[in-house]
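Accompanying notes for the structure given below.
In the working numbering, the protein residues as written are 46 to 288.
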């Protein structure tokens with residue numbers, strides 16, 4: 046693990062970001078030019094091991110974590126601490142792609158070779174797989190991982206492959222369904238993973254990519270496509286075309 050000191054200006058800016066709750070932060074005025082706002086850029090000159098940041102997360106203990114292609118980075122308002130697979134072999138790789146804090150406060154880290162958990166100041170390799178693009182905890186507390194080899198589901202202390210799911214990529218999206226299922230948006234269509242049942246595939250047609258997903262008050266899943274909307278309920282999906 047390596048440490049880098051941060052300048053006073055950078056330290057003050059990051060400390061302010063840590064103290065301001067995200068839910069009360071005002072949105073930027075879309076009518077104002079970015080030149081009217083102050084901003085700070087942090088790169089390798091400021092202590093980052095690499096300039097590509099795939100994910101950023103503030104955990105409940107106040108630390109800010111960054112997933113970079115040069116390792117896992119933690120900021121404590123004073124310095125950057127860098128964890129790589131050389132000093133932390135449990136990471137398995139220096140390519141970090143996704144981060145998740147679960148309800149117990151444990152940090153889950155998706156790398157190019159699997160999933161690592163950080164709990165009680167200890168790193169633990171939990172799963173070896175392909176690239177872990179995204180991590181998600183559903184309303185039942187189950188941890189899911191979108192990987193380049195398919196979908197993983199945490200069962201007890203081990204991740205298991207979900208049958209029937211093809212290799213996935215970084216553009217795939219996850220959201221909870223109303224019946225305890227997990228929905229995934231892929232380049233080919235919608236995948237529904239009901240609890241205890243086989244995965245269902247709902248095609249959305251050619252040249253239609255899923256841009257966003259949300260669940261409404263009636264429990265229906267709305268998927269925003271490049272060609273319209275897809276509405277899913279009771280295991281069936283219908284396309285709503287834009288006028």
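Cβ atoms here follow ideal geometry from the backbone N, Cα and C, with glycine treated the same way. Note that the coordinates shown come from a computational prediction; the quantities given were computed from them, not determined experimentally.
Find the nearest neighbour of residue i within the set the options, judged by alpha-carbon distance.
i: residue 266; options: 142, 226, 285, 222; result: 222
i: residue 135; options: 120, 155, 119, 264; result: 155
i: residue 99; options: 226, 157, 248; result: 157
i: residue 228; options: 181, 272, 271; result: 181
i: residue 242; options: 96, 168, 224; result: 224
i: residue 202; options: 169, 234, 233; result: 169
i: residue 244; options: 88, 264, 276, 206; result: 206
i: residue 167; options: 133, 263, 107; result: 133
i: residue 218; options: 183, 257, 261; result: 257
i: residue 91; options: 125, 240, 111, 119; result: 125
i: residue 117; options: 106, 183, 153; result: 153
i: residue 111; options: 141, 280, 233; result: 141
i: residue 261; options: 277, 248, 271, 247; result: 277
Starting from residue i and walking both ways along the beta strand (DSSP E), at which residues does that stretch end?
i: residue 108; result: Note, residue 108: premise wrong, no beta strand (DSSP E); not H, not E.
i: residue 230; result: 227-230
i: residue 187; result: Counting along the chain, residue 187 falls outside any beta strand (DSSP E), and DSSP gives it neither H nor E.
i: residue 143; result: 141-146
i: residue 166; result: Counting along the chain, residue 166 falls outside any beta strand (DSSP E), and DSSP gives it neither H nor E.
i: residue 268; result: 266-270
i: residue 151; result: From DSSP, residue 151 is part of no beta strand (DSSP E); its letter is neither H nor E.
i: residue 234; result: 234-238
i: residue 116; result: 116-120
i: residue 126; result: 124-128
Are the CB atoms of residue j and residue i within a distance shorter than 8 Å?
i: residue 164; j: residue 151; result: yes
i: residue 196; j: residue 144; result: no
i: residue 326; j: residue 137; result: Because the chain spans 46 through 288 in this model, residue 326 falls outside it and cannot be assessed.
i: residue 237; j: residue 254; result: no
i: residue 188; j: residue 147; result: yes
i: residue 194; j: residue 175; result: yes
i: residue 213; j: residue 178; result: yes
i: residue 113; j: residue 88; result: no
i: residue 273; j: residue 285; result: yes
According to DSSP, simplified to helix, strand and coil, what is residue i?
i: residue 217; result: coil
i: residue 91; result: helix
i: residue 280; result: coil
i: residue 248; result: strand
i: residue 256; result: strand
i: residue 136; result: helix
i: residue 200; result: strand
i: residue 193; result: coil
i: residue 113; result: strand
i: residue 58; result: Caution applies to residue 58, whose pLDDT of 44 falls short of 50 and renders its modelled position unreliable; the value that the coordinates give is listed next. Note: residue 58 maps to helix in three-state DSSP.
i: residue 76; result: coil
i: residue 176; result: coil
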